[in-house]
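Scroll down for the structure; my scribbles are underneath it.
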Amino acid sequence: MSRRTKLQLAASLIAQAFQAESGRVYSRPALTAMLKRYREAWQLPASVGLARFIQFLQDSKQLSVVRLSADTGEVVTRYVWEQASPQAVALTLRPSAYLSHGTAARLHGLTDQFAKVIYVNKEQSPKPPPRGALTQEAIDRAFKGQQRASTYVFHFDIYRAVLLSGKNTGALGVEDVPTPEGEFLPATNVERTLIDLTVRPNYAGGVEEVLGAFRRAHEQEKVDVAKLLQTLGQLNYVYPYHQALGFYMERAGFSEEALASLKALGLHHDFYLAYGLKGLVYDAGWRLHHPRGL
Numbered sequence: 622m623s624r625r626t627k628l629q630l631a632a633s634l635i636a637q638a639f640q641a642e643s644g645r646v647y648s649r650p651a652l653t654a655m656l657k658r659y660r661e662a663w664q665l666p667a668s669v670g671l672a673r674f675i676q677f678l679q680d681s682k683q684l685s686v687v688r689l690s691a692d693t694g695e696v697v698t699r700y701v702w703e704q705a706s707p708q709a710v711a712l713t714l715r716p717s718a719y720l721s722h723g724t725a726a727r728l729h730g731l732t733d734q735f736a737k738v739i740y741v742n743k744e745q746s747p748k749p750p751p752r753g754a755l756t757q758e759a760i761d762r763a764f765k766g767q768q769r770a771s772t773y774v775f776h777f778d779i780y781r782a783v784l785l786s787g788k789n790t791g792a793l794g795v796e797d798v799p800t801p802e803g804e805f806l807p808a809t810n811v812e813r814t815l816i817d818l819t820v821r822p823n824y825a826g827g828v829e830e831v832l833g834a835f836r837r838a839h840e841q842e843k844v845d846v847a848k849l850l851q852t853l854g855q856l857n858y859v860y861p862y863h864q865a866l867g868f869y870m871e872r873a874g875f876s877e878e879a880l881a882s883l884k885a886l887g888l889h890h891d892f893y894l895a896y897g898l899k900g901l902v903y904d905a906g907w908r909l910h911h912p913r914g915l
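Each residue of the sequence shown is one higher than the one before, starting from 622 at the first, in my numbering.
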């Protein structure tokens, strides 16, 4: 009978330690730290280095390797203990990141899309507020062009992780949301998600998909209108996105009381449902240009 190695003797203790961890996805530095922390308890000699440790776990089918490749040529390696969702893997690309836009909408049951596209939001550092008053000319000029979109994309398996650099909000409206795999991952709540989709419909599949998300949110009674208004106020956007929110909510069947609270914020400018739209019609009730047929 062959003699068992130190790693084999420690296998059950290693498994217990991994099971006790809150996450299932690790970088090489994280595995190095874990090996250092438990080396004595596992009775592993110094000759057991990181490479040997990883190889042992891979051979035992408990640890798998995921490589995320960016369009820029950057490659990131992650190690998954037993099983983790693609969203959990994508979140490890940046510290303190959270799931947002179309991905958050899917987790909340507001869309069936974005199973293969994962939006990961890493907030920017605080910026000073813009100076000067908002003018109609500035709105018209900005919304005639195309909205900027992130091109920082990582590919792994069948998935695409899109890294976003959102405005600094202090993770406003971010909470732990369950995934189909039974994890709880940081993602924007329903109210923040609906606002984010309104502001960036290109990260939601377009304005038709955004309207569909509002309809589902209303049908499933998932929206706290007071919380939505509070969140919108805290986000402090320069553009009057409350007009776009009101438009979506009206067509989704929200109450007159909810719509009135948005109109009370003022209708001082003509606005647009999204950037770069063609063949627009005008909704006088919300002073909003939008595509025909919505």
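Even for Gly, the Cβ is constructed at its ideal location relative to N, Cα and C.
- Contact between H722 and Y740 is confirmed by a C-beta separation of about 4 Å, below the 8 Å threshold.
- By the Cβ criterion, the stretch 659 to 677 is not in contact with the stretch 692 to 699, since fewer than three pairs of Cβ atoms, one from each stretch, lie closer than 8 Å.
- For the set S717, Y893 and T790, the Cα lying nearest the Cα of P750 is the one of T790.
- In the structure shown, E796 adopts extended strand secondary structure according to DSSP, grouped into three states.
- Linking V795 to P716 through their CA atoms gives a straight-line distance of about 14 Å.
- Of the candidates T732, G833, L853 and K788, K788 places its Cα closest to the Cα of N742.
- In the DSSP assignment, V828 falls within the alpha helix (DSSP H) that extends over V828 to E840.
- A Cβ-Cβ contact shorter than 8 Å links R645 with Q704.
- In this structure, V859 lies away from L785, with their beta-carbon atoms at least 8 Å apart.
- Secondary structure in the stretch 747 to 815: the alpha helix (DSSP H) runs of 4 residues or longer, each lying completely within the stretch, are 757 to 765 in chain order.
- Counted as a single uninterrupted DSSP element, the beta strand (DSSP E) harbouring R688 occupies residues L684 to A691.
- Taking C-beta atoms as the reference points, A847 and V811 fail to come closer than 8 Å.
- The stretch 807 to 827 and the stretch 772 to 781 do not touch, with fewer than three beta-carbon pairs separated by less than 8 Å.
- Counting only runs that start and end inside the stretch 694 to 733, the beta strand (DSSP E) elements of at least 3 residues fall at 696 to 702.
- In the DSSP assignment, V738 falls within the unbroken beta strand (DSSP E) covering V738 to N742.
- In this structure, DSSP gives V669 a state outside helix and strand, which the three-state scheme calls coil.
- Ranked by Cα distance from A873, the options Q851, E829, L853 and P861 are led by E829.
- Apart from the 5 residues on each side of it in sequence, L886 sits with its Cβ closer than 6 Å to the Cβ of H863 in its chain, given in chain order.
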